[in-house]
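Enquirer: Sharing a structure, written as structure tokens. Questions coming.
Chains as they are written, first to last, in the numbering used here: chain C, 99 to 366; chain B, 1087 to 1411; chain G, 5 to 302.
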């Protein structure tokens, strides 16, 4: 386990030296700038829009980091051959994969955490500068703790995207990995449509096929509770629990297959 | 005493061709044993299978058939990695780390305490001749400096067996001399050194035993002294103040004439020639003798001869392999 | 366990499959327990077609398709809902509106909306006004499409009971390029005889040739409804001709005993007609596929 830890720390260090944290600056600028501009617009809507924007930006920025670093995590080391010296040390190929994955997840965790703090700070400020009478009309408080539920699922979603990227990275070139990871992300978001196929399609086999595809594709649509959280629609604990469990199990499956593939490779 | 490295019929095929029907045999049933404390030279021309063998020993690639053990354990055993060191050919590490950070990272993987780590790293970097640069990122290092860092990381854990793939590559003569001294030091400490090279002079200077591979096959192995027969095949005569006339008179008897500087020549005489009589004649013309040395068969001659023999043999063997399929 | 020659133990692959199985199991459990309403709101997170158009970044037609599929599924889902909740197909108009805004040439969407937005509940949303809105939007984009005028005309005729307006729309339909030549006579018939079954039959029969199956089905049902209306008229005459003691409830048995019918009459969808015990009026059962019946004069 020591090996996993140190490989992970090294991934984190590399992300810092690759200037990943600058995206946080961009995020902060985006959020603060928008809140100021929107403050001049229609009253009441600006808090909702900042929430929407903050959640969406956290998701999008995180997605880019997950994909663009994730696809290179394994393939870059193999291509540059820095893996030769590394694997002569007491670290197995499985520990290598686990360490690389954990390192990127750590990077993403820090990223999401900082963005969460920034978002709440901006919302708290907006709340503080607003009149009490006005605030009474809000559906939900500005600095609403319920947002954390959405952010948690966003983080889990990013973990899943990372696992997919790492999986492809064990056997595929960076460009192909990026395309396939992104493709699965988009497809997974339309999963909700596949689920209801059987209601309206006559052909039994088509409905069954849609069902199978629905279950096999990563169900990214389910991680998106941004709307509910912003409108104050309650999200059942059962839903959260089952979705988190789903994510973790799917990630486990992906990493195991990635380990399986990677452990059999010849490094030419 | 059990061998440090035991290689038994190790073979590696690569699938080539679009339909993958024609395997390319990069290593053909290599069998070798390396005893503890030896400095073993693994020699061969480029593409002979040296790096393939080392990668098989490090389990970077998997064998098609055969097995190998290191310190009695099968290759890939995690515990054994604690006791070995490896320098890849033309190594590349992490550009964004400094030399110190790289060694720290590897030392962490070995599980050394922070104090122990610091001490080892400082000592090793001094030993391989990296000074202030140890704080710079590796992206700023020259090829020679990366090679030195590579040697340092291979020795980080005081390994019992050290594997070096072309350790001299990228080094200037001073660097090469340092590495030679280092290898001898390791031998004196009782460690086993297995290094591959295509530079025979290094092998001659360092090794107790060698193996020669060519086209994936073992061409010869054994103690250095046993392999190169001490046959004298001729003489080298260096003379000064040789007049042009005298030179022309003696030229037919020579197999080779090299002008070192005006009046100073190196003459090669075959065994058939009466060397002492020619010597006396030259002295009589007024030339002075600088040196007279026997020419022995060198490792290079042996090497070239054996590699060519494999080349002849491999053609017929490949035909046999095809026929069998 | 012996170490395999290459890589990690093959059981790892089995474990991976097990994890995937677990994931799918959790997914199924979650889907079963959470009501679908949680997602209904999400379908229309973006209500504004203009915003969506920008967000979709050039994949308009594809997004239009997605919304079209969602519209059908929404209709189907509500239609087949047996939970007893009254479903009004609330999202049908917005979904079709978005689909046609993203892709203004999306003909099927307009025509689907024409039928199922205007039709009374439970067959449709019962909002002929929204149907007309949608079709007007279609006309604005493609002024020459006679089908859209025809559909508006039919809605005016069948649901809104405005035969003047219907006639006007039929006339305008007839003036569009490639319009079939039976539109003018129908317009004329509208003006002279008012709402009548012959014209309605005629229009439904035209629709039997449509290339969309659901259009054909709707036309088939329409024809059956008109046949039903005729049958009801005949049945009421028969009932009236049977001697009946006042105070007694009306029933089919009475009619059958009187020898005027051989059995309980079935409507064109093979469901028995219902006779009101108090008034003796005959109507289609509310379990019938033809329910609710349109009202027309003869």
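Think of the CB as a built atom: it goes at the ideal place given N, C-alpha and C, for glycine as much as any other residue.
Listing by chain order, which chain G residues have their CB less than 9 angstroms from the CB of residue 291 of chain C?
Expert: Within 9 angstroms Cβ-Cβ: 70, 73, 74 and 77.
Enquirer: Should residue 1302 of chain B go down as buried or exposed, given a rule of 16 or more other Cβ atoms within 10 Å for buried?
Expert: Buried is the call here.
Enquirer: Name the chain C residues that come within less than 8 angstroms of residue 23 of chain G, Cβ to Cβ?
Expert: By Cβ distance, chain C contributes 347, 348, 350, 351 and 354.
Enquirer: Could you check how far apart the C-beta atoms of residue 1297 of chain B and residue 1307 of chain B are, in whole angstroms? I think they sit under 8 angstroms.
Expert: Right, the Cβ-Cβ distance comes to about 4 angstroms (below 8 angstroms), so this counts as a contact.
Enquirer: What does the alpha-carbon distance come out to for the pair residue 125 of chain G and residue 201 of chain G?
Expert: Their backbone Cα atoms lie some 22 angstroms apart in a straight line.
Enquirer: Across the stretch 1135 to 1142 of chain B and the stretch 1243 to 1263 of chain B, are there enough close Cβ pairs to call them in contact, namely three or more that are closer than 8 angstroms?
Expert: The stretch 1135 to 1142 of chain B, when compared against the stretch 1243 to 1263 of chain B, does touch it at the 8 angstroms Cβ threshold.
Enquirer: Run through DSSP, which three-state label would residue 1270 of chain B get?
Expert: Helix at residue 1270 of chain B.
Enquirer: Closest to residue 133 of chain C by C-alpha separation, out of C/223, C/346, C/200 and C/180, would be which residue?
Expert: Of the candidates C/223, C/346, C/200 and C/180, the one whose C-alpha sits nearest the C-alpha of residue 133 of chain C is C/223.
Enquirer: Could I get the ranges of all uninterrupted alpha helix (DSSP H) runs contained in the stretch 304 to 365 of chain C, with 4 residues as the minimum, in chain order?
Expert: For the stretch 304 to 365 of chain C, whole alpha helix (DSSP H) runs of length 4 or above, ordered along the chain, are 324 to 329 and 335 to 361.
Enquirer: Just to confirm the assignment, what range does the alpha helix (DSSP H) spanning residue 1209 of chain B have?
Expert: Taken as a continuous stretch (DSSP letters only), the alpha helix (DSSP H) holding residue 1209 of chain B covers 1200 to 1213.
Enquirer: Under three-state DSSP, which class holds residue 1259 of chain B?
Expert: Correct three-state label for residue 1259 of chain B: helix.
Enquirer: Based on the DSSP output, what are the partners of residue 1119 of chain B in its beta bridges?
Expert: Answer is B/1092, bridged to residue 1119 of chain B.
Enquirer: Return yes when the Cβ of residue 171 of chain C is within less than 8 angstroms of the Cβ of residue 206 of chain C, no when it is not.
Expert: The answer is no: Cβ separation not under 8 angstroms.
Enquirer: Compare the C-beta of residue 336 of chain C against all C-beta atoms of chain G and say whether one is closer than 8 angstroms.
Expert: Judged by the 8 angstroms Cβ criterion, residue 336 of chain C is in contact with chain G.
Enquirer: Looking at the secondary structure, which residues open and close the alpha helix (DSSP H) in which residue 1305 of chain B lies?
Expert: Here residue 1305 of chain B belongs to no alpha helix (DSSP H); instead the beta strand (DSSP E) covers 1303 to 1309.
Enquirer: Along the alpha helix (DSSP H) that carries residue 212 of chain C, what are the first and last residues, could you check?
Expert: Here the alpha helix (DSSP H) through residue 212 of chain C covers 191 to 226.
Enquirer: Which residues does DSSP pair with residue 1354 of chain B in a beta bridge?
Expert: The partner list for residue 1354 of chain B (beta bridge, DSSP) reads B/1322 and B/1342.
Enquirer: Which of the three DSSP states, helix, strand or coil, is assigned to residue 275 of chain G?
Expert: Residue 275 of chain G falls in the coil class under three-state DSSP.
Enquirer: Using a C-beta cutoff of 8 angstroms, does residue 304 of chain C count as contacting chain G?
Expert: Cβ-Cβ to chain G under 8 angstroms: no for residue 304 of chain C.
Enquirer: Does the distance from the C-beta atom of residue 1377 of chain B to that of residue 1336 of chain B stay below 8 angstroms?
Expert: Going by C-beta atoms, residue 1377 of chain B is not nearer than 8 angstroms to residue 1336 of chain B.
Enquirer: Indicate whether the contact test is met: 3 or more Cβ pairs, each with one atom in the stretch 131 to 142 of chain G and one in the stretch 155 to 164 of chain G, closer than 8 angstroms.
Expert: Yes, the stretch 131 to 142 of chain G touches the stretch 155 to 164 of chain G.
Enquirer: On a CA-only basis, which of C/345, C/145 and C/152 is nearest residue 261 of chain C? Give me that one, please.
Expert: Of the candidates C/345, C/145 and C/152, the one whose C-alpha sits nearest the C-alpha of residue 261 of chain C is C/345.
Enquirer: Assign residue 1223 of chain B to one of three DSSP states: helix, strand, or coil.
Expert: In the structure shown, residue 1223 of chain B sits in a strand (DSSP, three-state: E or B).
Enquirer: DSSP state of residue 285 of chain C, grouped into three classes?
Expert: Helix.
Enquirer: With a cut-off of 8 angstroms, does the C-beta of residue 1131 of chain B fall near any C-beta of chain C?
Expert: Cβ-Cβ to chain C under 8 angstroms: no for residue 1131 of chain B.
Enquirer: Using beta carbons (cut-off 8 angstroms, strictly below), is residue 375 of chain C in contact with chain B?
Expert: The requested residue 375 of chain C does not occur in the structure, where chain C is confined to residues 99 to 366.
Enquirer: Between the C-alpha atoms of residue 364 of chain C and residue 10 of chain G, what's the straight-line distance to the nearest angstrom?
Expert: Rounded to the nearest angstrom, the two C-alpha atoms are 10 angstroms apart.
Enquirer: With three or more C-beta pairs closer than 8 angstroms as the rule, is the stretch 1276 to 1293 of chain B touching the stretch 1120 to 1127 of chain B?
Expert: Touching, yes, given that three or more Cβ pairs across the two stretches are closer than 8 angstroms.
Enquirer: Suppose you measure from the CA of residue 1242 of chain B to the CA of residue 324 of chain C; what does that come to, to the nearest Å?
Expert: About 51 angstroms.
Enquirer: Buried or exposed: residue 1098 of chain B, going by 16 or more other Cβ atoms within 10 Å of its Cβ?
Expert: With 16 or more Cβ atoms within 10 Å of its Cβ, residue 1098 of chain B is classed as buried.
Enquirer: Taking the C-alpha atoms as reference points, what is the distance between residue 45 of chain G and residue 287 of chain C?
Expert: Note on residue 45 of chain G: pLDDT 46, under 50, position unreliable in the model; the coordinate value appears next. Their Cα atoms are separated by approximately 16 angstroms.
Enquirer: Please work out which residues of its chain come closer than 6 angstroms, Cβ to Cβ, to residue 1404 of chain B, disregarding the five sequence neighbours upstream and downstream, and give them in chain order.
Expert: Annotation note: pLDDT 47 at residue 1404 of chain B (below 50); position unreliable, coordinate value reported separately. Once the five neighbours on either side are set aside, residue 1404 of chain B has no close Cβ partner at all.
Enquirer: Buried or exposed for residue 141 of chain C, going by 16 or more other Cβ atoms inside 10 Å?
Expert: For residue 141 of chain C, the pLDDT reaches just 49, beneath the cut-off of 50, and the residue's location in the model is therefore unreliable, leaving the point undetermined.
Enquirer: Three or more beta-carbon pairs under 8 angstroms between the stretch 1362 to 1376 of chain B and the stretch 1329 to 1349 of chain B, yes or no?
Expert: Enough Cβ pairs lie closer than 8 angstroms, so yes.
Enquirer: Spell out the partners DSSP gives residue 1110 of chain B in its beta bridges.
Expert: Answer is B/1100, bridged to residue 1110 of chain B.
Enquirer: Since I believe residue 118 of chain C is in contact with residue 193 of chain C (beta carbons under 8 angstroms), could you give me their beta-carbon distance rounded to a whole number of angstroms?
Expert: Not really, about 24 angstroms apart at Cβ, beyond 8 angstroms.
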